[in-house]
Structure formats: C-alpha cells, structure tokens
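In the numbering used here, the protein residues as written are 286 to 757.
Following this line, the structure appears as structure tokens:
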C-alpha cells in the first residue's frame, strides 16, 4: 500500500533487507521443533540440528507464493475484512494486558488492579458498538479465571458480546485444539475453507522460533488460516543497540517464519508483524514511545511493502500510566505514523497503556475517536464535479459568501462525526461542568456499557454448544 501522505521511502530499507538475507544464510535461525526441521530439510533448507540456514532464493520462492492481501471472513458476509493491498486496513483493539487502569482516589487519581473476565467482557461490548474498531482482540488476561480455562472462557466472552472478528489466542498446543473446536461449532466442519481465524504468533528474539510457535504456525498454515507472525526485538537487550540492527534481526526472524509457513502450505495468508522497541540501557525498560518507536514502525511497514506482504506495524501505545495528555500524544504519534506509512493490520490500536502492561476503558474510547479521525485523514480527496464546485465558485465570485448556497446545505453534515463532541465556547463548556477528555470518556464508557445489546446471530443450538464447550 503506498503511503497516504507521501512518507518517503527510506533508502536504508533495501540495505536492511539485504542484511537480513545475509544473516539468514550465514547465521541462521533456530527452530525448536523437529517436525518443522524435517519439513524445511525436505524443502532443501540447510539444517544443522535445529539451526536452519535460509538462502535468498528460498526467501524469494516463499514471497512469490504468499498472498499480498486476503479477506478475513466474518460471522456474516458484511463483517468480512479485507486485509492488505491498497485498501485493506483493519483496526484492532489492544491485546494481552494483565492489569486494568481506572480512575481512583489518591494523589495519582488512577489505580491499577488485576484484570478480570468482566473487564474482558467490557472491552468486547465497547468494541462491538464502536464503529472505529474492526477486530476485537484478546484485550485482557482474566486473572480471576483458572489458567487452564482462561482461553476458552475469554473466547466465549468475546464471541457472545460481539459479532466482529476476534483474535484467536494460541500460545500453547492446547489452544489450537480449542480454536478448531469452537470454529467447528460456529461454522461447521468446513470452517477452514476460507481465511476466517487470524492468530498472532511471536518469534523469540534474537533469531529463534519456539517449538509451540512453530507447531501452531504449521497447523494454522495447513488449514489456510492467516498467521500474523510478530517479532518484538528490543534494541540493546534482544537485538543490537541500533535501529538498523534491530530491524535486521526482526526481518530475518519474520522471513524465516514466512518460509516455514509457506513450506507447510503455499499460498497460506501471512501477515508481516513488527513491534520493535529500543530499551533504556539505564533502566532496562522498553520504550514504547518516542521518535525511535515511530521510525521503526514506518520502516517495518516499508520492509513489508518491499516484500509485497500485508503488514502489522505500530500501535496506539504509551508509556504513560494515566489517561492524560502524554498518553494521547504518544498514542497519536505512534498510531498515525503506522497508518500514514501504509500499515494494514493496526493491532493494539485501542486502550493499551503502561508500556503494554495495562488497559484503560476510557482510553479505549478516546483511541476509537483517534481511529475515526485517521480514517478520515487518509481518505482520498474527492475531485469530481460536485466536489470541485466550480459552478458555485463562479456564482459566488470574489468577495462573496458560501453560507447561503444550496451546495453548502447539501454538504453541511459531511464533516460531522457522530461520536465527536459539539464545539462550544469556553463559557458554555465551563457552565456545563467543564469535563476534560478523560472525564467525558468515562461517561461515554458507562453509557456504552449500559446500552450494549449482544449480537443475535447465534441460534440456540449453536449457543448451547458454545456454552457447553467453553464454560464446562
């Protein structure tokens, strides 16, 4: 996807690509699964134990077979999501937080607590109603649910509270069995005939693919289901202390994952996912904000474009622990850079805070407003006869006014956004209580949760099977 705002191609991107190819062939990547090693060896990849060495030709062969775009099919045809190509942009909510941030007493005005199943249900309800959110991620780790039942119950909560596509959680082998069974309940035994269930998998930096990740990747690719393979290299700790070095490690890991996935099934959908960060070498903490994060998000998108792959890049992330000016400024900077660079899968785009450790419902709705604004910002300018309005310009002439023109009346609501607050003078705003953005967001969260109605597309038999499998 070309940049919507003319973000220039970084000349270093091609050099990073070539460097990663050399690393793959010379240094290699460890794949901790014997079946994956046997498959790669059978495809001509040189393997020394579990260390594999991939050539440029093998990478190019995998790139030639992987689709540049695909459609993620939904529970209803109108919920299908094109992903990749020129227009396939998907905004997904935050994922994987273990803690909830909420307004509280005390000097900080905010408190952090462990996440619960009720919190996860709330994120699904918000995402179901907010048009900006396309894809409901596994926003919250419900720590009040036993670990062995957490994935099934969390998936159930998201499915019954929203009919939008969800992130299928898979970090251990048993998760794949659950995903298979639940999809069979929802869509029947041939559920995998089309791309329907997207899973996000992580490499292990530097230059390692775990056994669980390799097995899940192989299984899902053979099913023809999309995998967003994501590298989370941290500069200075799990990658070199330079931006280009971090991106080289990331690119090598993801190209190795691509080769493995295409070896399992040529043409299986693969999303190039990069979430690189730099570490503070003073504290050891990851920096999910700042110019380096933005530069690497843009470069990640450009590396994927170079390869012709759909791409996950950037996030509405912040290192702030409060829904404040810093949180929203960092989120806007990080998310908009990825959007304008042409990222397709905007994962972690709503609610995420505290360096990916926590989630805020108030920030969830504020980020949804940001997404709405970004969609409008990258929407191409219409230049047809009605939009150019030459007849109106001629009729009004120099020094005239447009307010009374019928053309103005026809377009009076074009720029209105249903979720936006009306413009007010300071006096009227103050007289109405002077709510700041965080207070207004808290009220909107309460209103949305109170207004939520679950989707009605699950018939009784399907719902009963879903309940029996996920809640038993």
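Backbone N, C-alpha and C define an ideal beta-carbon position, used for all residues, glycine too.
As the structure is a prediction and not an experimental result, all values here were calculated from the model.
Let me check one thing: in DSSP terms, what residues is residue i bridge-paired to?
i	result
residue 333	336
residue 643	384, 638
residue 453	484
residue 422	In DSSP, residue 422 forms no bridge with anything.
residue 631	376
Along the chain, where does the beta strand (DSSP E) containing residue i start, and where does it finish?
i	result
residue 513	512-516
Return the first residue and the last residue of the alpha helix (DSSP H) that residue i is part of.
i	result
residue 581	576-592
residue 754	745-756
residue 396	Element bounds for residue 396: not the alpha helix (DSSP H) but the beta strand (DSSP E), 395-399.
residue 672	670-673
residue 713	711-716
Does residue i come out as helix, strand or coil in the three-state DSSP assignment?
i	result
residue 564	strand
residue 412	helix
residue 623	helix
residue 558	strand
residue 366	strand
residue 689	coil
residue 445	helix
residue 373	strand
residue 290	Any reading at residue 290 must be qualified, since the residue scores a pLDDT of 39, below 50, and its modelled position is unreliable; no value is offered.
residue 573	coil
residue 698	coil
residue 356	strand
residue 405	helix
residue 351	coil
residue 316	strand
residue 598	strand
residue 306	helix
residue 440	helix
residue 732	helix
residue 679	helix
residue 328	coil
residue 651	helix
residue 460	helix
residue 615	helix
residue 297	helix
residue 603	coil
residue 428	coil
residue 725	helix
residue 720	coil
residue 666	coil
residue 708	coil
residue 739	coil
residue 466	helix
residue 417	coil
residue 346	helix
residue 341	helix
residue 311	helix
residue 660	helix
residue 433	helix
Does the beta-carbon of residue i have 16 or more other beta-carbons within 10 angstroms, so that it is buried, or is it exposed?
i	result
residue 314	buried
residue 619	buried
residue 553	buried
residue 683	exposed
residue 361	exposed
residue 665	exposed
residue 603	buried
residue 533	buried
residue 654	buried
residue 639	buried
residue 464	buried
residue 712	exposed
residue 505	buried
residue 481	buried
residue 696	exposed
residue 427	buried
residue 687	exposed
residue 419	buried
residue 377	buried
residue 390	exposed
residue 523	buried
Exercise. At which residue ranges does the region 475-548 contain complete alpha helix (DSSP H) runs of 4 or more residues, listed in the order of the chain?
Worked result: 496-507
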